[in-house]
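Let me begin by presenting the structure, written as structure tokens, before commenting on it.
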């Protein structure tokens, strides 16, 4: 039984690599023939390099959705909330669709920490998902309920960051 | 000057996601049009899902080299050392070739922690590299000299791991 149960994986913490690791994981899954869906919750800067590469390279095997593109977390709360709820509705459809082997919910934790969607509603949906479906959740400050429900939780801790040294963000590396 | 200087990025720690994040970073770089080389030091299990996907999808833009494929860290020290040194020689050629914008040195830290290559020799090569070249280094227990030299260091900490719950490794997810 254990081998047919989809895993719930969380990449959290204040360091780099949460989303990047999730995309790497998606790439790994694609390499093994799995069907993958990625939903990014509210990224302000348009498609990242990973997103561009994934969608260009694997059009039939990776579905990428940007929920509320063009908005950022710093905008008006009602706009943020509307975009987040739209993304969450999309996540619900994709999770229950039984089409995918892996769904990445990028920056999902903010839905909870910003009080946009209750943790319990999210966990209820996870419990309803097709048995084989793996979920990867990213975002800072994963809540206790998420962590308890997850199988694998990794904290990305920043030990050293280039902005501390006055280095600016670089295309292809930082975004 | 700061924006033309390649970054040195380290993913370390005992948690998951070090290599996966590095592959995600490589994917991001490819998406932005950078030339990428990945050298994996001594992986025993053949090509991982990420490696399969990357090489299949971006044959002209990502060069992947498995140094000492078929060997593991648990084998005879002389075999391990020969494979590691071969990989290190390849890394030297690629780093100095001035062909790449990003080189991933996957599991490089073991060269130092297993006393196969001196830390100072590695740092000397890094200092000699083309100015624009970004490096990503992965592996447990990054040494102090590497951390001091790096621009960005992230520690992946395991908060929860599925093997603790009796779940076995799954194709496309764990490898």
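Protein chains in written order, with our numbering: chain A, 295 to 469; chain B, 295 to 469.
Where is the CB? At the ideal position from N, CA and C, for every residue including glycine.
Here the structure is a predicted model, which is why all the values come from computation and not from measurement.
| Asked | Found |
| --- | --- |
| Secondary structure of residue 348/A, DSSP reduced to three states | helix |
| Residue 417/A versus 431/A, 426/A, 359/A, residue with shortest Cα-Cα distance | 431/A |
| Buried versus exposed, by CB contacts within 10 Å (16 or more), residue 338/A | Because the pLDDT of residue 338/A is 48, which lies under 50, any placement of that residue in the model is unreliable, and the question is left without a value. |
| Reduced DSSP secondary structure (H/G/I, E/B, other) of residue 411/B | coil |
| Collapsed DSSP secondary structure at residue 309/A in the structure displayed | coil |
| Residues that residue 348/B contacts on chain A, provided the C-beta gap is smaller than 8 angstroms | 321, 325 |
| Chain A contacts from the stretch 432 to 453 of chain B (Cβ-Cβ distance under 8 angstroms) | 441, 444, 445, 446, 447, 448, 449, 450, 451, 452, 453 |
| Chain-ordered residues of the stretch 302 to 315 of chain B with a beta carbon less than 7 angstroms from chain A | 305, 309, 310, 311, 314, 315 |
| Opposing strand residues paired with residue 434/A [DSSP bridges] | In the DSSP output, where bridge partners are listed per residue, residue 434/A has none listed. |
| CB contact below 8 angstroms: residue 338/A versus chain B | Model confidence at residue 338/A stands at a pLDDT of 48, short of 50, so the residue's coordinates are unreliable and nothing is read from them. |
| Option in 385/B, 389/B, 311/B with minimal Cα separation from residue 426/B | 389/B |
| DSSP beta-bridge partners of residue 356/A | 330/A |
| Given residue 359/B as reference, the closest of 445/B, 423/B, 374/B, 380/B once Cα atoms are compared | 380/B |
| For residue 452/A, the first and last residue of its enclosing beta strand (DSSP E) | 446 to 454 |
| Contacts around residue 396/B, its chain only, beta-carbon distance under 6 angstroms, and the 5 residues preceding and following it disregarded | 323, 328, 330, 428 |
| Of the residues 350/A, 439/A, 347/A, the one placed nearest residue 412/A, counting alpha carbons only | 439/A |
| Straight-line Cα distance separating residue 414/B from residue 434/B | 18 angstroms |
| Cut-off 8 angstroms between Cβ atoms - residues of its own chain near residue 356/B, not counting five sequence neighbours on either side | 320, 324, 330, 331, 332, 348, 349 |
| Where residue 398/B sits in the DSSP three-state scheme | strand |
| Sub-8 angstroms separation of residue 346/B and residue 378/B beta-carbons | no |
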